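The block underneath contains the structure these notes are about, expressed in structure tokens.
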Amino acid sequence: MADITDLVDIENGRLKGAVFTDEEIYEQELEKVWKRAWVMLAHDSMIPKKGDFLQTYIGEDPVMVVRQKDGSVKGFLNQCRHRGMRICRVDKGTAKAFTCTFHGWSYDLGGDLIQVPRQDTAYPETFERGDYSAVKVPRIEYYKGFWFGTWDEDAPSFVDYLGSAAYYLDGYIDRWDGGMEQVAFHRWVLPNNWKFMAEQPTSDMQHSEITHVSAATVLNKGSDAADRTKRGTNPVGRQFFSDYGHGGAWYGEKGAEVPNTGQAIQAYESQPEIAEMIARRLGDDREVRGHLNIWPTFMVLGNYTIRVTHPRGPHEMEVWAWTFVPKDAPEDVKDSIRRDVLRTFTPGGMFEADDALNWEEMQHVLKGKVARDTGYLYQMVGAPIQWDEGCYPGGSSQHVFSDNAAINMYANYLDMMTSDSWEELMEKRAQHRMGLEPASVEA
Amino acid sequence: MTLTAMPQTDEPTTPDTAHPFGDPAAAARPTTATTDKLTALLAEVDPAVERALTRFLYEEVQVLDDWKWGEWLDFFAEDCMYWAPTQEDRLSRERSKRIADFRTSAYFEENKVQLKQRVDRLLTNMAWGEEPPSRQRHIITNIRITKGVAEDEYVVKSNFYDYRSNGQRSQDSITGERIDRIVRDPSSVWGYVIKERRILFDMSMILNKNLSLFY
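Protein chains in written order, with full-length UniProt numbering: chain W, 1 to 443; chain F, 1 to 215.
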């Protein structure tokens, strides 16, 4: 059996390639990561009315997410309890009930079994429909417009899971009184391990200046994208990380003319009444938008592509990406954000195209035995870790380019993979806080 | 709208609402059959025009397959719209919502400035996903030409099968339907220009790693 502790060397910043290729490791991930972590299921604007539903995934498990009659949201495994058929086979819609097209078992909006054909005549009287509800997602929590779910009843609350990352996530999603809404959706498949993409918004800003040089060169002309050429040769910025593997980074500091968002959103937010609203909600200095990932794969980028990725074996993943806009913004601002995202971070996006190539090639190279043993380096740790520095909670480094958040992500990954419960995981994470002596954690 | 009149920000080009994608001339066709449907369709477009537009489409994709990205822009009007909506699986009663509306979810929604931007990106020779470039082969079939609303304007439907081979082992392909609105423009390089193209990919989830070329 593959032992994850042989593959991840946090102290020296090294990973063996098998972390991204091994079938046994992947099976352990489904058990230890995907059955345990909080995963984004839906946003209010995706299922606004009662009976609205969508089909998504937690890991490899298909999940129905349904707006209930009382306005709450429930989730259940999209698998008929009878013979395991997928209950619902469309992407989204509005329904009163869900009927399996194999033998006709029907489930209500909450996943309770309400009808079994031929029950009266062909089943014994002892058969109880109540015993065979669809498997419910036991924990669902709401956070600022988004619904998150986890299979693990012992998980901490979502807010506790976010930890210090809440400060940074709020900097993207909690800016406007009217909230956000999704206005576009893209889905595609990539031929690589899911952690390659997760790592990038968490901790890898530096690839952008090389991988995306072609897009950055052309996008500032005749486009609403951010002018990335203004960042200069040695851009300042900051990177953060949080206990349960979350991380992110942004260019610039308060007042710096270094855009992380598109031009339309910058213009919108510089209007005095909008700026005042944001300052009232977030304080005066929370411009933290760049890239962010809430572990495992809830990703938010500064131009408002917000996505979840789903693992599909060690060698493949799916990207489910939505474009979000401030709900109360003028139509031209919303449209500008939408077009900027579609031209940058979708399958046809000019940034996304080059990321896909990197990950595909990395995955191919790892077919080699020598290549798998060589592994990867995470040693860009020149910027020291600071704790609760200034207004920035949790661990952070005063540099936009750092591997600290990636190392923290893999440290959390290792702890998840080697823990048998959330209780054990929480203890390990407290002990393994990077840049802090364990004693100071206890004090 | 001309290119010089276009703002330097990417203000959207709105498709002519009087001219929706599909078969705008359908309403003008006689509903009481004076002849069979095929004869009526064939009578709509001069065979010489049909031959010219068919060749136009073949020449267009040849330019793409030959990596002459800059020359490909010659096939498009200055006020063009190059649009590829997404689609998803819906219940039969909601099937009219299957294809995303204009200005919602799209893989492409490009005016000519923006198409040129994509071309310029490929021409940097640093668009690593296409450097070294893929060998792409466009197969264009099922070409059906009907007349548009305006004089010298045609609606050209075609199906495509686009194959891509990249590096040693990477390959993918994608199929779909195009609906083009093409107008005669004797001053243009090819004599005709595409005013609107709607590309409908057959996949609801894109199974290819990216859509980094043109379709």
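Even glycine gets a Cβ: it sits at the ideal position worked out from N, Cα and C.
All values reported here derive from a predicted model rather than from experimental measurement.
Starting from the Cα of residue i, find the closest Cα among the options and give me that residue.
i, options, result
"W:Pro393", "W:Ser242, W:Met180, W:Gly93 and W:Glu125", "W:Ser242"
"W:Arg238", "W:Phe196, W:Met277, W:Leu414 and W:Leu292", "W:Leu292"
"F:Glu136", "F:Arg51, F:Gln168, F:Val149 and F:Leu213", "Reading off the sequence shown, one finds Gln at residue 136 of chain F, where the question assumed Glu. Among F:Arg51, F:Gln168, F:Val149 and F:Leu213, the Cα nearest to that of F:Gln136 belongs to F:Leu213."
"W:Gly51", "W:Asn12, W:Leu342, W:Thr94 and W:Pro384", "W:Thr94"
"W:Ala216", "W:His186, W:Ile385, W:Phe345 and W:Ala406", "W:Phe345"
"F:Asp180", "F:Ala77, F:Arg93 and F:Met205", "F:Ala77"
"W:Asp154", "W:Leu436, W:Gly435, W:Gln431 and W:Glu423", "W:Glu423"
"residue 216 of chain F", "W:Gly75, W:Lys32 and W:Lys221", "As displayed, chain F neither begins before 1 nor continues past 215, which places residue 216 of chain F out of reach and without an answer."
"W:Gly382", "W:Thr5, W:Gly110, W:Asp9 and W:Gly13", "W:Gly13"
"W:Leu414", "W:Leu54, W:Lys195 and W:Phe158", "W:Lys195"
"F:Lys157", "F:Ser165, F:Thr124 and F:Arg197", "F:Arg197"
"F:Asn111", "F:Ala84, F:Thr175, F:Asn210 and F:Val189", "F:Ala84"
"F:Thr163", "F:Leu42, F:Trp190, F:Ser134 and F:Arg51", "Strictly speaking, residue 163 of chain F in this sequence is Tyr, with Thr absent from that position. Among F:Leu42, F:Trp190, F:Ser134 and F:Arg51, the Cα nearest to that of F:Tyr163 belongs to F:Ser134."
Please state whether the Cβ-Cβ distance between residue i and residue j is less than 9 Å.
i, j, result
"F:Thr146", "F:Val45", "yes"
"F:Tyr107", "W:Leu342", "yes"
"W:Arg338", "F:Arg121", "no"
"F:Phe160", "F:Ile139", "yes"
"F:Met126", "W:Val213", "yes"
"W:His315", "W:Glu60", "no"
"F:Tyr82", "F:Ile199", "yes"
"W:Met362", "W:Thr297", "no"
"W:Trp322", "W:Met46", "yes"
"W:Gly262", "W:Gly290", "no"
Starting from residue i, follow the beta strand (DSSP E) in both directions and report where the run begins and ends.
i, result
"W:Phe148", "Phe146 to Thr150"
"W:Trp176", "Run containing W:Trp176: none; DSSP gives neither H nor E here."
"F:Ile143", "Arg135 to Lys147"
"W:Gln379", "Unbroken run through W:Gln379: none, as it is neither H nor E."
"W:Pro272", "No beta strand (DSSP E) contains W:Pro272, which is instead part of the alpha helix (DSSP H) from Pro272 to Leu282."
"W:Trp320", "Met317 to Pro326"
"residue 217 of chain F", "Residue 217 of chain F is absent from the structure shown; chain F starts at 1 and stops at 215."
"W:Ile114", "Leu113 to Gln115"
Check residue i in the structure and name its three-state DSSP category.
i, result
"F:Trp83", "strand"
"W:His364", "helix"
"W:Tyr132", "helix"
"W:Ile407", "helix"
"F:Thr104", "coil"
"W:Ile337", "helix"
"F:Leu115", "helix"
"W:Pro393", "strand"
"F:Gly176", "strand"
"F:Asn159", "strand"
"W:Lys50", "coil"
"F:Thr2", "Note that F:Thr2 scores 30 on pLDDT, short of 50, meaning its location in the model is unreliable; the coordinates nonetheless yield the value given after this. Three-state DSSP puts F:Thr2 in coil, outside helix and strand."
"W:Trp387", "strand"
"W:Lys417", "According to the sequence as given, residue 417 of chain W is Met; it is not Lys. W:Met417: helix per DSSP, three-state reduction."
"W:Ile25", "helix"
"F:Thr13", "Any reading at F:Thr13 is ruled out, since the residue's pLDDT is 46, under 50, leaving its predicted position unreliable."
"F:Leu213", "coil"
"F:Ser92", "helix"
"W:Ala443", "Summary for W:Ala443: the model assigns pLDDT 40, below 50, so the residue's position carries little reliability; its value from the coordinates is reported in the next sentence. Coil, per DSSP."
"W:Leu357", "helix"
"W:Phe185", "strand"
"W:Asp9", "strand"
"W:Val39", "strand"
"W:Glu141", "strand"
Over what stretch of residues does the alpha helix (DSSP H) that includes residue i continue unbroken?
i, result
"F:Lys37", "Lys37 to Glu44"
"W:Thr121", "Gln119 to Ala122"
"W:Ala371", "Lys369 to Thr374"
"W:Val159", "Phe158 to Leu162"
"W:Ala2", "First-last for W:Ala2: undefined, no H or E at that position."
"W:Leu425", "Trp422 to Gln431"
The ligand ZN and residue i: does the residue's C-beta get closer than 8 Å to at least one heavy atom of that ligand?
i, result
"F:Phe56", "You won't find the ligand ZN in this model; it holds no ligand whatsoever."
- Message: Quick check on the DSSP output: what are the complete beta strand (DSSP E) runs of length 3 or more inside the region 189-265 of chain W, in order along the chain?
- Response: You should have 237-241 and 247-251.
- Note down, one range per segment and in chain order, each beta strand (DSSP E) of at least 3 residues found wholly within the region 284-310 of chain W. 291-294 and 298-301
- Going along the chain, which unbroken runs of the alpha helix (DSSP H) with 4 or more residues stay wholly within the region 44-81 of chain F? 47-65 and 69-72
- Let me know the beta strand (DSSP E) ranges lying completely inside the region 47-104 of chain W, each 3 residues or longer, listed in chain order. 52-58, 61-67, 73-77 and 92-94
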